[in-house]
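Take a look at the structure below.
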Amino acid sequence: MAKTATYSLIASTTLTGTAAQIDFNSIPGTFTDLVMVITGVSNSNDNIFYRFNGSSSAFYSRTDLYGTGTTASSIRASSQTQGRLTNYGYPSTTVGEQNTIWHIMDYANTTTYKTSLCRSNRASSGVDAMVNLFSSTSAITSISLATNTFTGTANWQSGTTAKLYGIQAGSN
Amino acid sequence: MALQIYKIATVEVGSAGASSIDFASIPQGYTDLKLVVCGRSNRASSVFDDILISFNGSTSSFTGRELYGNGASAASITTARAASIATASTATTNAFGNSEIYVPNYTSANYKSFSVDGVQETNATTAYAIMIAGLWSNTAAITSLSLSPSVGTSFDQYSTATLYGIL
Chain A
6 MAKTATYSLI ASTTLTGTAA QIDFNSIPGT FTDLVMVITG VSNSNDNIFY
56 RFNGSSSAFY SRTDLYGTGT TASSIRASSQ TQGRLTNYGY PSTTVGEQNT
106 IWHIMDYANT TTYKTSLCRS NRASSGVDAM VNLFSSTSAI TSISLATNTF
156 TGTANWQSGT TAKLYGIQAG SN
Chain B
-3 MALQIYKIAT VEVGSAGASS IDFASIPQGY TDLKLVVCGR SNRASSVFDD
47 ILISFNGSTS SFTGRELYGN GASAASITTA RAASIATAST ATTNAFGNSE
97 IYVPNYTSAN YKSFSVDGVQ ETNATTAYAI MIAGLWSNTA AITSLSLSPS
147 VGTSFDQYST ATLYGIL
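Residue numbers (my numbering), protein chains in the order written: chain A, 6 to 177; chain B, -3 to 163.
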């Protein structure tokens, strides 16, 4: 029997105004992995933060390998109340200048913590390769994105895009 | 569920080599592009060669920042059109560099950022792994792209590049 691997668009958002956060809710649990592609625009050169399932518990940790064009280095953070996808590859105020490609593996299982890999890019400031951990065995059913933390301030700007894809393992 | 990643075209370099690998008339019906490159350059006296990209025949308005490691150290530099890495003449025989280039929103009327992850592996002391944040500061939709070695004059036979469209 032929394999039936899929790479499917679950949902996408293109902002035509400002927003405090971008939410992907009711994510179906039928895929194997998730991929999110973000092209971010912020109002003041801010990082991208995320939460799974709306959780503000201290479950988020990360390690970032980054290059600034002059310096290569690494940084870590643990027990955070929100995850982060950028360090030097953060959104600017210019549409189209930044992108983030984020892979969330085995997101629907209820046995393990959730590891994700992220590449963020902004040619004028730097490149990030980041691993994130969400220390919860809960399946991921929603993802929220904010820039400059979850303050409720409408920092996302018009022109920001976010696309969530599901990847399903092939079957023999 | 619909399959939403589609192969647009594959180019494989023949026995005569090729000064560039070109994709013309890129369909405009997708959202993002993914380019997978497997390359070897004829650059003399080197294990690697950068691969440069151009969009719509333009070689201007490209900027970037690169993070790389070579087996001994890590460093970061600024780049212009670098978008991949190839093995070159003194690399292990039959070894090719491999890279993935992702271009979100390639038809938009905004600047075009792109993400590059690449490796140039050879059975020697020095080999490279690279990551690039690239930007083409041009608002035109991307309708064609071209890859060329930075120092060498041609790609070696069996170098390939496959362009995918993602909805």
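Just so it is clear, CB atoms sit at the ideal spot from N, CA and C, and this is done for glycine as well. Predicted model, so just to flag it, every value in this text is computed and none were measured.
Checklist entry - Using a Cβ-Cβ distance under 7 Å, would residue 104 of chain A count as near chain B? => result Looking up residue 104 of chain A in the first sequence gives position 99. Taking Cβ atoms only, chain B reaches closer than 7 Å to residue 104 of chain A, which makes this a yes.
Next on the checklist: Less than 8 Å between C-beta atoms, sequence neighbours within five positions excluded: which residues of the same chain meet that for residue 7 of chain A?
Outcome noted: Residue 7 of chain A sits at position 2 when you count from the first residue of the first sequence. Because the pLDDT of residue 7 of chain A is 48, which lies under 50, any placement of that residue in the model is unreliable, and the number read from its coordinates should be weighed accordingly. Nothing meets the Cβ criterion.
Next on the checklist: Taking only three categories from DSSP, how would you classify residue 12 of chain A?
Outcome noted: On the first sequence, position 7 is the one that residue 12 of chain A refers to. In this structure, residue 12 of chain A counts as strand in the three-state DSSP scheme.
Next on the checklist: For residue 93 of chain B and residue 103 of chain A, what's the separation of their Cα atoms in angstroms?
Outcome noted: Counting from one through the second sequence, the residue named residue 93 of chain B turns up at place 97. Counting from one through the first sequence, the residue named residue 103 of chain A turns up at place 98. So the alpha carbons of these two residues sit roughly 26 Å apart.
Checklist entry - Three-state secondary structure (DSSP) at residue 12 of chain B? => result Here residue 12 of chain B refers to the residue found at position 16 when the second sequence is read from its first residue. Three-state DSSP puts residue 12 of chain B in coil, outside helix and strand.
Checklist entry - Using the beta-carbon count (16 or more within 10 Å), is residue 40 of chain B buried or exposed? => result Start at 1 with the first residue of the second sequence, and residue 40 of chain B comes out as number 44. The residue is exposed, with fewer than 16 neighbouring Cβ atoms inside 10 Å.
Item to check | Where residue 62 of chain B meets chain A, residues with beta-carbon distance less than 9 Å | outcome: Locating residue 62 of chain B in the second sequence gives position 66, where the first residue counts as 1. Going along chain A in sequence order, the residues near residue 62 of chain B (Cβ under 9 Å) are 72, 74 and 132.
Checklist entry - Which two residues bound the contiguous beta strand (DSSP E) that contains residue 127 of chain B? => result Counting from one through the second sequence, the residue named residue 127 of chain B turns up at place 131. Element bounds for residue 127 of chain B: 124 to 132.
Checklist entry - So, does the CB of residue 109 of chain B fall closer than 7 Å to a CB anywhere in chain A? => result Mapped onto the second sequence, residue 109 of chain B falls at position 113. Yes, contact with chain A.
Item to check | chain B within 7 Å of residue 89 of chain A, Cβ atoms only | outcome: Along the first sequence, read from residue 1 onward, the residue named residue 89 of chain A stands at position 84. So no, residue 89 of chain A is outside the interface.
Checklist entry - Mind listing which residues of the region 6 to 28 of chain B have their C-beta closer than 9 Å to chain A's C-betas, in chain order? => result 27 and 28
Checklist entry - Is residue 162 of chain A helix, strand or coil by DSSP? => result Translated into the one-based positions of the first sequence, residue 162 of chain A becomes position 157. It is coil, neither helix nor strand.
Next on the checklist: Please state whether the Cβ-Cβ distance between residue 166 of chain A and residue 68 of chain A is less than 7 Å.
Outcome noted: By one-based count along the first sequence, residue 166 of chain A stands at place 161. By one-based count along the first sequence, residue 68 of chain A stands at place 63. It is not a contact, given that the beta carbons lie outside the stated cut-off.
Checklist entry - residue 178 of chain A and residue 57 of chain A look like a contact to me (Cβ under 8 Å); what is the Cβ gap, rounded to whole Å? => result Not covered by the structure: residue 178 of chain A. The range shown for chain A is 6 to 177.
Item to check | Nearest-angstrom Cα separation, counted from residue 140 of chain B out to residue 156 of chain B | outcome: Here residue 156 of chain B corresponds to residue number 160 of the second sequence, with the count starting at 1. Here residue 140 of chain B corresponds to residue number 144 of the second sequence, with the count starting at 1. If you take the alpha carbons of residue 156 of chain B and residue 140 of chain B, they lie about 17 Å apart.
Item to check | Residues of its chain near residue 50 of chain B, where Cβ-Cβ distance is below 6 Å and the 5 sequence neighbours each way are ignored | outcome: Counted from its first residue, the second sequence places residue 50 of chain B at position 54. Here the set comprises 142.
Next on the checklist: On the CB-based measure, 16 or more other CB atoms within 10 Å of its CB, does residue 193 of chain B come out buried or exposed?
Outcome noted: The shown model of chain B, from -3 to 163, leaves out residue 193 of chain B, and the question about it has no answer.
Checklist entry - Between the region 112 to 127 of chain B and the region 2 to 10 of chain B, do at least 3 Cβ pairs fall closer than 8 Å? => result no
Checklist entry - Who are residue 160 of chain B's beta bridge partners in DSSP? => result As a first step, residue 160 of chain B is located in the second sequence; it is residue number 164 there, counting from the start. Answer is B/3 and B/30, bridged to residue 160 of chain B.
Checklist entry - Any C-beta of chain A sitting closer than 7 Å to the C-beta of residue 59 of chain B? => result Translated into the one-based positions of the second sequence, residue 59 of chain B becomes position 63. By this cut-off, residue 59 of chain B is an interface position.
Next on the checklist: So the candidates are B/131, B/138 and B/90; which of them puts its Cα closest to the Cα of residue 103 of chain B?
Outcome noted: On the second sequence, position 107 is the one that residue 103 of chain B refers to. The option with the nearest alpha carbon to residue 103 of chain B is B/138.
Checklist entry - Using a C-beta to C-beta distance shorter than 7 Å, which residues of chain A count as neighbours of residue 72 of chain B? => result On the second sequence, residue 72 of chain B is found 76 positions in, with the first residue counted as 1. Within 7 Å Cβ-Cβ: 72, 73, 74, 75, 76 and 77.
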